[in-house]
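A quick write-up on the structure given underneath.
Number of protein chains: 2
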Amino acid sequence: MTEGRTRRAQNFEVRPIGVIRSKLKARSKAPKQGSEGAPNAWLEVYRFAAQALDGLAVGDEIIVLTWFHQADRETLKVHPRSDPKRRLSGVFATRSPDRPNPIGLHPVTVQKIGKNRLRIGPMEAIDGTPVIDIKPVLCEIQKH
Amino acid sequence: MTEGRTRRAQNFEVRPIGVIRSKLKARSKAPKQGSEGAPNAWLEVYRFAAQALDGLAVGDEIIVLTWFHQADRETLKVHPRSDPKRRLSGVFATRSPDRPNPIGLHPVTVQKIGKNRLRIGPMEAIDGTPVIDIKPVLCEIQKH
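Heads up: the protein sequence lines correspond to chains G and P, in order. Our numbering puts the first residue of the first sequence at 17, with every later residue one more than the last. Our numbering puts the first residue of the second sequence at 17, with every later residue one more than the last.
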């Protein structure tokens with residue numbers, strides 16, 4: 017067990033499959049979760065990956081995986097929801113975008129399907145956020 | 017819009033934060049989903065990331081993000097659940113581990129907490145699978 021922790025693990029390269037196009041332009045103005053008043057957005061899929069969209073339909077609930085390109089990857093502890101009154105917590109117990117691998121999970125609904133793009137929402141990620149995967153939902157979206 | 021699709025997007029480096037230790041040793045023997053009879057497993061967290069676990073507790077429902085290191089990243093279409101009778105579908109409409117960025121999402125429960133490791137389950141990922149993030153659930157786990 018100790019061996020597994022001390023051996024240097026191999027790194028992997030993530031290649032974005034698309035990008036978010038949104039009227040949200042600044043991280044400071046974005047809601048923390050999609051359910052907190054986020055707008056719809058376009059998910060533009062790069063040409064190399066476009067055929068992987070086949071089978072998606074309007075009304076589908078999907079999970080969009082993004083890479084928070086503006087995150088601080090050295091952060092291991094945060095005050096949840098940036099509230100200094102809340103106790104410092106490990107980032108794995110929070111949804112902070114600042115974390116070693118700044119991957120965002122966004123449950124959204126497919127609103128429209130265009131050529132190599134999906135209209136989705138609600139989406140709190142800002143314009144230009146790289147998209148790294150799209151998956152069918154694995155669970156019901158929490159309503160609260 | 018065309019510009020966004022044709023411009024070469026920046027790639028990113030994923031650094032594993034831990035590894036799965038499981039009695040499941042071969043991908044061919046692993047269930048396709050955790051809910052299909054998968055065992056519990058240990059999630060060993062590397063020392064550099066261990067303090068990011070603070071705040072997690074036994075009984076927590078979490079989502080473990082893995083990197084399917086044996087996946088084929090060139091695959092864009094598959095028969096869902098490897099069933100040749102099912103129509104070929106884009107991988108973004110499926111849970112195939114073969115996809116451009118082979119990230120797995122695993123909803124699990126924390127069973128035990130050890131020094132720099134979590135006992136979790138049910139977990140269908142095989143022994144040695146790199147773990148790249150841990151998050152609180154964003155939704156109720158689907159029961160079917």
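Backbone N, C-alpha and C define an ideal beta-carbon position, used for all residues, glycine too.
Assign residue i to buried or exposed, taking buried as 16 or more other Cβ atoms, counted over all protein chains shown, within 10 Å of its Cβ.
i	result
G:Asn27	exposed
P:Val94	buried
G:Leu104	exposed
G:Trp58	buried
P:Glu60	buried
P:Val107	buried
P:Val30	buried
G:Ala66	buried
P:Gly50	buried
G:Arg133	buried
G:Glu140	buried
P:Ala68	buried
G:Ser112	buried
What residues of chain G sit near residue i, judged by a beta carbon separation below 8 Å?
i	result
P:Glu29	Asn27, Phe28, Glu29 and Val30
P:Arg115	Ala68 and Asp149
P:Lys93	Gln67, Ala68 and Asp70
What do you reckon, are the CB atoms on residue i and residue j nearer than 8 Å?
i	j	result
P:Pro146	P:Pro55	no
G:Ala109	P:Asp70	yes
P:Asp149	P:Ile33	yes
P:Leu121	G:Lys39	no
P:Lys48	P:Ile142	no
G:Ala25	P:Tyr62	yes
P:Val153	P:Glu52	no
Give a single yes or no on whether residue i has its beta carbon closer than 7 Å to a heavy atom of the ligand NAP.
i	result
P:Ile148	Because no ligand of any kind appears in the structure shown, any question about the ligand NAP cannot be addressed here.
Residues of chain G with a CB under 9 Å from the CB of residue i: which are they?
i	result
P:Val126	Chain G residues near P:Val126: none, gap ~10 Å exceeds 9 Å.
P:Ile119	Val30, Leu81, Ile119, Ile148, Asp149 and Lys151
Under 7 Å between beta-carbons, which chain P residues line up against residue i? List them in chain order, please.
i	result
G:Gly71	Ser105, Gly106 and Ala109
G:Pro146	Ala25
Quick one: which chain P residues come within Cβ less than 9 Å of residue i?
i	result
G:Ile142	Result: empty, since nearest Cβ-Cβ is about 14 Å, beyond 9 Å.
G:Ile136	Ordered by position in chain P, no residue passes the 9 Å Cβ test against G:Ile136, which lies about 12 Å from the chain.
What in chain G is Cβ-close to residue i, meaning under 7 Å?
i	result
P:Val74	Chain G residues near P:Val74: none, gap ~13 Å exceeds 7 Å.
P:Ile129	Ordered by position in chain G, no residue passes the 7 Å Cβ test against P:Ile129, which lies about 12 Å from the chain.
Cβ pair count under 8 Å reaching 3, the segment 123-131 of chain G against the segment 93-103 of chain G: Touching, no, given that fewer than three Cβ pairs across the two stretches are closer than 8 Å.
Cβ contact (3+ pairs, closer than 8 Å) linking the segment 111-119 of chain G and the segment 75-85 of chain G: yes
Those runs of the beta strand (DSSP E) which lie wholly inside the segment 81-133 of chain G and span at least 3 residues: 119-130
Ranges of the beta strand (DSSP E) found wholly within the segment 33-65 of chain G, counting only runs of at least 3: With a minimum length of 3 residues, the continuous beta strand (DSSP E) runs that stay inside the segment 33-65 of chain G are 34-37 and 57-61.
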